[in-house]
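Notes follow once the structure below has been shown.
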Ligand code: SF4
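In the working numbering, the protein residues as written are 905 to 1234.
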């Protein structure tokens, strides 16, 4: 009997706490998801919902006072949370790369860009000579459509536009052909006219390399364009997940519906934009039961008593909401 191949990444029941002077911030609670080989997943939600800290946890880059307090993160079957630092450094960059929102902050300001791309290669492949690494770096700069790569390789980051700097970051993060690429709002700092170019370039290169992708974005349109599946987060929890088509066409969690209502209607552009009433709860003292209950138009007594599990609402489509449970919200 054929067995399904194990996922590339499996995050299970992840919990993160920040111990601050004001109290304990419950940043993530019970976050679980999987990424298959070659799959692109979008992680969406408002600022502060836990998207970026989830990504940092995968790379074991949660800085104090943050701490992973429970859960498991397995990559190619290896538990990352108990891996020693050296083994983790090898995985970071070589097998899992991350593209950040602000390329100029991530690039070394005093090193020429060709050298930076070459250094990334040399760290992870000791068999390469400097000359070979620099030649590969120039090829990679060409692959991200940087004109005249040999000349541009001599430039420093401050001599590049935002779009060019993000192309260099993409070159640096993909030059090692990682199995998983984490892209944290990769285009949100860029001019709207070049966002689409950069996304197209990234998706083409990723398809060529065959990497899986975790795309973090507050922009559902970006996720719809680039991902196979989407995970919606709210206040440190996963509230809905499924294929992009299922979640965006038939959202099953009231928060996802609210989020979609905040977007302009493609069919009826005159429809007034709606906002979700109320505010995101403080994670210093998250609400008991469903964290969305204080803002949910469909909340019932059960929602303020119990935490909803993830209920199946379709093939591979789940929603953490009592509307889909036996007995409903009463
Ligand atoms: S569980 Fe209740 S409060 Fe939470 S989203 Fe569903 S209906 Fe709303």
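Here a beta-carbon is modelled for each residue, glycine too, at the ideal position from N, C-alpha and C.
Counting only the same chain and skipping the five closest in sequence on each side, list residues whose C-beta sits under 8 angstroms from that of residue i.
i, result
"residue 1094", "1066, 1067, 1070 and 1102"
"residue 1208", "1191, 1192, 1193, 1194 and 1197"
"residue 1232", "1204, 1206 and 1226"
"residue 1013", "1060, 1061 and 1062"
"residue 905", "For residue 905, the predicted model reports a pLDDT of 47, less than 50, meaning its position is unreliable; a value from the coordinates is still stated below. Excluding sequence neighbours, residue 905 sits near nothing in its chain."
Skipping 5 residues on each side, what residues in its chain have a beta carbon closer than 7 angstroms to that of residue i?
i, result
"residue 1184", "950, 952 and 1139"
"residue 1179", "1166"
"residue 1076", "1020, 1021 and 1024"
"residue 930", "921, 1140, 1187 and 1190"
"residue 964", "984 and 992"
"residue 1128", "1148 and 1152"
"residue 899", "Since the first residue of the chain shown is 905 and the last is 1234, residue 899 is not available in this structure."
Would DSSP call residue i helix, strand or coil?
i, result
"residue 921", "strand"
"residue 1214", "coil"
"residue 1154", "coil"
"residue 1228", "helix"
"residue 1018", "helix"
"residue 961", "helix"
"residue 1234", "coil"
"residue 912", "coil"
"residue 939", "strand"
"residue 1133", "strand"
"residue 1060", "coil"
"residue 956", "helix"
"residue 1240", "Outside the shown range of the chain, which is 905 to 1234, sits residue 1240, and nothing can be said about it."
Looking only at its chain, what residues have a beta carbon closer than 6 angstroms to the beta carbon of residue i, apart from the 5 residues adjacent to it on each side?
i, result
"residue 1133", "945 and 1147"
"residue 1143", "1136, 1157, 1159 and 1224"
"residue 1221", "1146 and 1150"
"residue 1086", "959, 1002 and 1118"
"residue 974", "919"
Mind checking which residues open and close the beta strand (DSSP E) that includes residue i?
i, result
"residue 971", "970 to 979"
"residue 1223", "1221 to 1223"
"residue 1146", "1141 to 1147"
Please list the terminal residues of the continuous alpha helix (DSSP H) segment that includes residue i.
i, result
"residue 1077", "1066 to 1078"
"residue 1117", "From DSSP, residue 1117 is part of no alpha helix (DSSP H) but of the beta strand (DSSP E) over 1116 to 1121."
"residue 1034", "1034 to 1047"
"residue 1010", "1007 to 1010"
"residue 1104", "1096 to 1113"
"residue 995", "989 to 998"
Quiz item: Touch check for the segment 973 to 990 and the segment 913 to 924: three-plus C-beta pairs under 8 angstroms?
Solution: yes
Practice problem: Check whether the segment 1057 to 1066 touches the segment 1014 to 1033, counting contact only when three or more Cβ pairs, one atom from each stretch, lie closer than 8 angstroms. | Solution: yes
Quiz item: Any contact of the segment 1114 to 1124 with the segment 933 to 947, i.e. 3+ C-beta pairs under 8 angstroms?
Solution: yes
Exercise. Check whether the segment 981 to 990 touches the segment 920 to 938, taking contact to mean three or more Cβ pairs, one atom from each stretch, closer than 8 angstroms.
Key: no
Quiz prompt | At least three beta-carbon pairs within less than 8 angstroms, the segment 1030 to 1047 to the segment 995 to 1007 | solution = no
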